[in-house]
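Peer 1:
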């Protein structure tokens, strides 16, 4: 076996045990039973259970309790069928073949910890056994990823971990003319009986150094022959499929086995080279190996909980990061512990067992006892802070120990069903940014989440704005969860520039903290931005077509020479001017115009509906090709109101478009965009919390408001904020944030 991180951990564990036993006089502080709950996430973005992601086509998805562990992929085909396999959430078995390890099951001469394991076989077995069920029991229990570690010993193949051997893996002669069946045949029989379940077998192997590569090739070949479905291995995924191939594509090809080869010993097209197809994304948690730290840890009654917390915190970090260069690979999240620091406790536990001060089961299964507690806390994590789309959409293979656990507060199948249930509709993470498009012919694309800043998986924030440019690109603003304004560009080819933080109001340090933002495109390729700072004043900035920034300038007004505002909107006009709309500090709507040469006209109050001024909680403004601008706003009555400011300076007056159920359209957020043909489009978050869209033709007629489709085929999108931009080709781009 090529020593991986876990292999090195086993070696450290046993070496530490030798030292601890030699020390002799050690003051034993019994470990206190931890009552600490599973560590919660920092809660930067809440979820709305009422806005769960919709499922795919086919039969209704089962409730988690009704998931059939032995056939769950077939059962959930209507939900997972069109998903890439590296986006299907799959339970996985770490060190899958270790259930058969005992104190006298033998040793792997090539094992990296065999020397110390021979000295302390009972302790080695207690620290090497990570599963309580056989391979078939794990498959029956829902696991579809088996981490197989094989050792060739005395001409036969066994499962092993570190030093101790487990059960026979491949069939072997019994010396009496018969055959001793191995685990591999049982796995092959299970796979053959479940053609609609895709099973991933990750294989590493070791053996005598003189014949190591030959033996590794033998192991891969024999395994392929067993599970391959006959001549040519038609059941094993070959080079025509990848981790990004969908479940349905695997089924259409008749291939339901994946062999991930970590031996680097073959060139078989059906033995996928591990570095090319699998990544752990840094999910493994290692601990200090300094002797003084380990001995100190032996006296720390809170050590185990610290270890569990570290694993769950690492999970938070990894699940919050974008896949990056590993996006096309399987993601194996290691929900396991490195129990190096627990080895002194393991040795002490065996002593206590001999003194009848603790259970014999815990002494014989010390690693399992730790993993069972981690599994309990992992289950709690999956049911709470790992139970929303910005986490579950970044999951793939959740690999853990003791798949068949039925103790310590985790019932049989509880953890596997919870992992599998992440394929079902999940609560949508609040305030996440989504992008979608409406083509000129009226067809729609599905909402797509925006990647986060830096290596963050998703972008979430409190406010957003979007604008179209003459070259077909779109610029986006967001106030992130840090309170600062971020800028992004979607190029005409569909690629994204990536989020960049804007400078502060002093144009020196980075980070402009804002309460509201707006952006518009200009005919010359510039974009103009307005924002309400945390000081309550309105600011203006320009991003030039070459990507450079002019810098922030506070806008003039009647509030000590500046203007204070609560909401802001901006529209770039065909003549190069721009119009800025605000709700002032007094709540009244005001309009100002910036000429193409940079001069400002001064603020004027916008009349209301039968009132001297208009007031409300939300507003938007957009330009039309003829020089008119139009305003969409929400009044104090909660209704959407629309007005046109003609190029000659006159107004058409306020009208209220009808909602989907008749009567005025009620809303909590609104945005409007002008199109090249003179039409305009309006989006709003209705009083039911869903996003609606309507078109106002150039002659003033309105189409009915229709619900915007949601995630994964859902009929509605539960929204919080909305933005819309009209592009030169007649399409429009929507920017939505989830409720």
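Residue numbers (this note's numbering): 1088 to 1826.
Even glycine gets a Cβ: it sits at the ideal position worked out from N, Cα and C.
Once DSSP output is grouped into helix, strand and coil, what is the label at residue 1175?
Peer 2: In the structure shown, residue 1175 sits in coil (DSSP, three-state: anything other than H, G, I, E or B).
Peer 1: Give the range of the beta strand (DSSP E) segment to which residue 1245 is assigned.
Peer 2: Element bounds for residue 1245: 1243–1247.
Peer 1: Tell me whether residue 1662 counts as near the ligand HEM, meaning its Cβ is closer than 7 angstroms to at least one heavy atom of that ligand.
Peer 2: As for the ligand HEM, it is missing from this structure, which has no ligand bound.
Peer 1: Should residue 1181 be labelled buried (16 or more other beta-carbon atoms within 10 Å of its own) or exposed?
Peer 2: With 16 or more other Cβ atoms within 10 Å, it is buried.
Peer 1: So, residue 1847 versus residue 1651, is the Cβ gap smaller than 8 angstroms?
Peer 2: Residue 1847 falls outside the range modelled here, since the chain spans only 1088 to 1826, and no answer is possible.
Peer 1: To test your reading of the DSSP string, which unbroken beta strand (DSSP E) runs of 3 or more residues are found completely within the region 1641–1699?
Peer 2: Whole beta strand (DSSP E) segments, 3+ residues: 1643–1646, 1652–1659, 1665–1671, 1676–1681.
Peer 1: Put residue 1482 into one of helix, strand or coil per three-state DSSP.
Peer 2: In this structure, residue 1482 counts as coil in the three-state DSSP scheme.
Peer 1: Name the DSSP beta bridge partners of residue 1583, please?
Peer 2: For residue 1583, which the question treats as bridged, DSSP gives the partners 1577.
Peer 1: Grouping DSSP H, G and I as helix and E and B as strand, with all else coil, what is residue 1311?
Peer 2: Looking at residue 1311 - three-state DSSP - the assignment turns out to be helix.
Peer 1: Below 8 angstroms on the Cβ atoms is my guess for residue 1763 versus residue 1699; work out the distance and round it to an integer in Å.
Peer 2: Their Cβ separation, rounded to whole angstroms, is 35 angstroms, which puts residue 1763 and residue 1699 out of contact at 8 angstroms.
Peer 1: Which word fits residue 1427, buried or exposed, when buried means at least 16 other C-beta atoms lie within 10 angstroms of its C-beta?
Peer 2: Its pLDDT being 48, under 50, residue 1427 is placed unreliably by the model, and nothing is read from it.
Peer 1: Roughly how many angstroms lie between the CA atoms of residue 1470 and residue 1506, to the nearest whole one?
Peer 2: When rounded, the distance between both Cα atoms is 9 angstroms.
Peer 1: Identify whether residue 1153 lies in helix, strand or coil by the three-state DSSP scheme.
Peer 2: Helix.
Peer 1: For residue 1083, I'd like the list of residues in its chain whose CB is within less than 6 angstroms of its CB, leaving aside the five on either flank, ordered along the chain.
Peer 2: Missing from the structure shown is residue 1083; the chain here goes from 1088 to 1826 and no further.
Peer 1: Less than 8 angstroms separating the beta-carbons of residue 1546 and residue 1586?
Peer 2: Yes. Within cutoff.
Peer 1: State the Cα-Cα distance for the pair residue 1578 and residue 1257, rounded to the nearest angstrom.
Peer 2: Taking the straight line joining both Cα atoms gives about 55 angstroms.
Peer 1: Does DSSP put residue 1411 in a helix, a strand or coil?
Peer 2: Of the three classes helix, strand and coil, the one that applies to residue 1411 here is helix, per DSSP.
Peer 1: Just tell me which of 1701, 1664, 1658 has its CA closest to the CA of residue 1671.
Peer 2: Looking at the Cα atoms, 1701 is the closest of the given residues.
Peer 1: Three-state secondary structure (DSSP) at residue 1223?
Peer 2: The answer is helix: DSSP assigns residue 1223 an H, G or I state.
Peer 1: Contact check, residue 1564 vs residue 1552 under 8 angstroms by CB: the rounded distance?
Peer 2: Contact flag correct, Cβ pair sits at about 4 angstroms.
Peer 1: Would you call residue 1793 buried or exposed, if buried means 16 or more other Cβ atoms sit within 10 Å of its Cβ?
Peer 2: Looking at its Cβ environment, which holds fewer than 16 other Cβ atoms inside 10 Å, residue 1793 is exposed.
Peer 1: For residue 1402, does the three-state DSSP call read helix, strand or coil?
Peer 2: Helix, per DSSP.
Peer 1: From the DSSP output, read off the bridge partner residues of residue 1494.
Peer 2: Residue 1494 pairs with 1497.
Peer 1: Would you kindly check if the distance between the Cβ of residue 1327 and the Cβ of residue 1318 is under 8 angstroms?
Peer 2: It is not a contact, given that the beta carbons lie outside the stated cut-off.
Peer 1: Taking only runs of the alpha helix (DSSP H) that begin and end inside the region 1159–1211, which ones reach a length of at least 4 residues, in chain order?
Peer 2: Whole alpha helix (DSSP H) segments, 4+ residues: 1159–1162, 1164–1167, 1201–1206.
Peer 1: Compute the distance between the beta-carbons of residue 1365 and residue 1348, then report whether it is under 8 angstroms.
Peer 2: Going by C-beta atoms, residue 1365 is not nearer than 8 angstroms to residue 1348.
Peer 1: Which one or two residues does DSSP pair with residue 1607 in a beta bridge?
Peer 2: Its beta-bridge partners are 1615.
Peer 1: For residue 1751, list the residues DSSP reports as bridge partners.
Peer 2: In the DSSP output, where bridge partners are listed per residue, residue 1751 has 1745.
Peer 1: Identify the continuous alpha helix (DSSP H) that holds residue 1354 and give its terminal residues.
Peer 2: Here residue 1354 belongs to no alpha helix (DSSP H), and DSSP marks it neither H nor E.
Peer 1: Between which two residues does the beta strand (DSSP E) containing residue 1520 stretch?
Peer 2: Here the beta strand (DSSP E) through residue 1520 covers 1520–1525.
Peer 1: Going by DSSP, which residues form a beta bridge with residue 1232?
Peer 2: Paired residue(s): 1179, 1287.
Peer 1: Which residues in the same chain have their Cβ closer than 6 angstroms to the Cβ of residue 1209, if we skip the five residues on either side of it in sequence?
Peer 2: The answer, listed in chain order, is 1190.
Peer 1: Just to confirm my understanding: we take residue 1220, look at its own chain, exclude 5 residues before and 5 after, and list those with CB closer than 7 angstroms. What are they?
Peer 2: Closer than 7 angstroms at Cβ, skipping near neighbours: 1186, 1228, 1490, 1491.
Peer 1: Return the chain-ordered list of same chain residues with a C-beta closer than 8 angstroms to the C-beta of residue 1768, the five sequence neighbours on each side being excluded.
Peer 2: Around residue 1768: 1525, 1759, 1760, 1762, 1780, 1781, 1782, 1783, 1811, 1813, 1819.
Peer 1: How would you write the range of the alpha helix (DSSP H) that residue 1454 sits in, first residue to last?
Peer 2: Run containing residue 1454: 1453–1470, per the alpha helix (DSSP H) assignment.
Peer 1: So which of 1528, 1521, 1540 has the shortest CA-CA distance to residue 1534?
Peer 2: The shortest Cα separation from residue 1534 among 1528, 1521, 1540 belongs to 1521.
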